DNA sequence: GGAGTGATACTCGGATATCTGGTGTCCGAGTTTTCGCGG
DNA sequence: CCGCGAAAACTCGGACACCAGATATCCGAGTATCACTCC
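Chains as they are written, first to last, in the working numbering: chain G, 3 to 165; chain X, 3 to 165.
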């Protein structure tokens, strides 16, 4: 029940891309440098996000990554699932149907009660993340950082952005 | 974001122990045989549950495991956390404080907005699990299995239970 | 016959291998830029 | 001076090592039982 480190990287990168003007891109090198993380490994994560249709990549010079949609139309859930995989965390192996006292002909309820409880919890988790858009995060991040850092951030973006 | 296979084993074993009369125990061998899983590995999980104070173990002949408390006083959350560890799934490395445009003196909000969003989702997940007691699960499992399997289950328990 | 004692059998607990998936890295495919050359 | 073309530089995409944690297992510590012996 431990999610990968790339999730944090992804969310921060997405928040940074949300600050870009329409159509502009940032290369992976800049994204990695901005957060001081491994560029090679970040590329692996970005690849998944591109495959999931959340990011759009452009090759060659002046290439880079940008958001595929408006930040308000991208939920945190989509980002997390794109990186971590959309399979549920709890895997039910139906061990209730194993053991000495079950016969192949016995009919069980369609859903194991334990499985149902875990699914319900995971639905609550997903609903909470689905309710927050990348635009919300971007706005909150803007409020959470000091004004001077925000100003320097805008300058940094202008220096590294490609169109 | 994938939880271990032992979680399912644990929850089913706990539901089985909830069916035992007061003070009775079941050895790990019986628990493993009932679900047709590896006894050795199940012991590892049970050890963690005993260390967490959810199960009570007894050594020697007529020894085994029993619940430490009334099933109504044990939540699914406690069981899951005892097996998977109580650390949150999302780990915030504070990478917002890394990178080229941050200075050691800058003051940030106490909680990273991204971290806060993930924490909120995880709180929802935990709240959902905390709201379900082992007694609830036991009752639902009893309703979900055919009557003949339930009857054979009672017989099987009487054959393997120790007091 | 009853009590004490030793051996025994059974249980859990901790230490030890193995293996899958996350972590980290590298090189190749593709595209735009740019420089040089010819008209 | 302008257009064309080839080379170069920069980007992402996929394939390849490495390592931590989950998975799986075994052997030792502890205890209740049981049988045997002695009173």
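Even glycine gets a Cβ: it sits at the ideal position worked out from N, Cα and C.
As the structure is a computational prediction, the values presented were derived from the model and not from experiment.
Which residue comes first and which comes last in the beta strand (DSSP E) that contains residue i?
i: residue 57 (chain X); result: 57-60
i: residue 68 (chain X); result: 66-69
What does residue i reach in chain X if we use C-beta pairs closer than 7 Å?
i: residue 63 (chain G); result: Going along chain X, no residue has its Cβ under 7 Å from residue 63 (chain G), so there is no contact; the nearest lies around 22 Å.
i: residue 106 (chain G); result: Per Cβ cutoff of 7 Å: no residues; residue 106 (chain G) is ~12 Å from chain X at best.
i: residue 43 (chain G); result: In chain order: nothing, as chain X lies at least about 13 Å away.
i: residue 46 (chain G); result: Within chain X, no residue comes near residue 46 (chain G); the closest Cβ sits about 16 Å away, beyond 7 Å.
i: residue 154 (chain G); result: 103
i: residue 98 (chain G); result: 14
i: residue 147 (chain G); result: 110
May I ask which residues mark the beginning and end of the alpha helix (DSSP H) holding residue i?
i: residue 43 (chain X); result: 41-53
i: residue 96 (chain X); result: Looking at the DSSP string, residue 96 (chain X) is not in any alpha helix (DSSP H), and its letter there is neither H nor E.
i: residue 140 (chain X); result: 136-146
i: residue 72 (chain X); result: Neither: residue 72 (chain X) is in no alpha helix (DSSP H) and is coded neither H nor E.
i: residue 156 (chain X); result: 149-162
i: residue 18 (chain G); result: 8-19
i: residue 80 (chain G); result: 78-86
Work out the CA separation of residue j and residue i for me, nearest whole Å.
i: residue 129 (chain X); j: residue 123 (chain G); result: 8 Å
i: residue 147 (chain X); j: residue 94 (chain G); result: 16 Å
i: residue 51 (chain X); j: residue 126 (chain G); result: 26 Å
i: residue 49 (chain X); j: residue 36 (chain G); result: 44 Å
i: residue 65 (chain G); j: residue 32 (chain G); result: 11 Å
i: residue 157 (chain G); j: residue 88 (chain G); result: 37 Å
i: residue 92 (chain G); j: residue 6 (chain X); result: 8 Å
i: residue 150 (chain X); j: residue 78 (chain G); result: 47 Å
i: residue 9 (chain G); j: residue 99 (chain X); result: 17 Å
Since residue i meets chain G, which of its residues come closer than 7 Å, beta carbon to beta carbon?
i: residue 122 (chain X); result: 130
i: residue 143 (chain X); result: 115
i: residue 139 (chain X); result: 115, 116 and 119
i: residue 91 (chain X); result: 3, 4 and 5
I'd like to know if residue i contacts chain G, where contact means its C-beta is closer than 8 Å to some C-beta of that chain.
i: residue 67 (chain X); result: no
i: residue 20 (chain X); result: no
i: residue 73 (chain X); result: no
i: residue 24 (chain X); result: no
Within 8 Å (strictly less), CB to CB, does residue i reach chain X?
i: residue 162 (chain G); result: no
i: residue 80 (chain G); result: no
i: residue 134 (chain G); result: yes
Who are the neighbours of residue i on chain G, taking C-beta pairs under 9 Å?
i: residue 53 (chain X); result: Result: empty, since nearest Cβ-Cβ is about 18 Å, beyond 9 Å.
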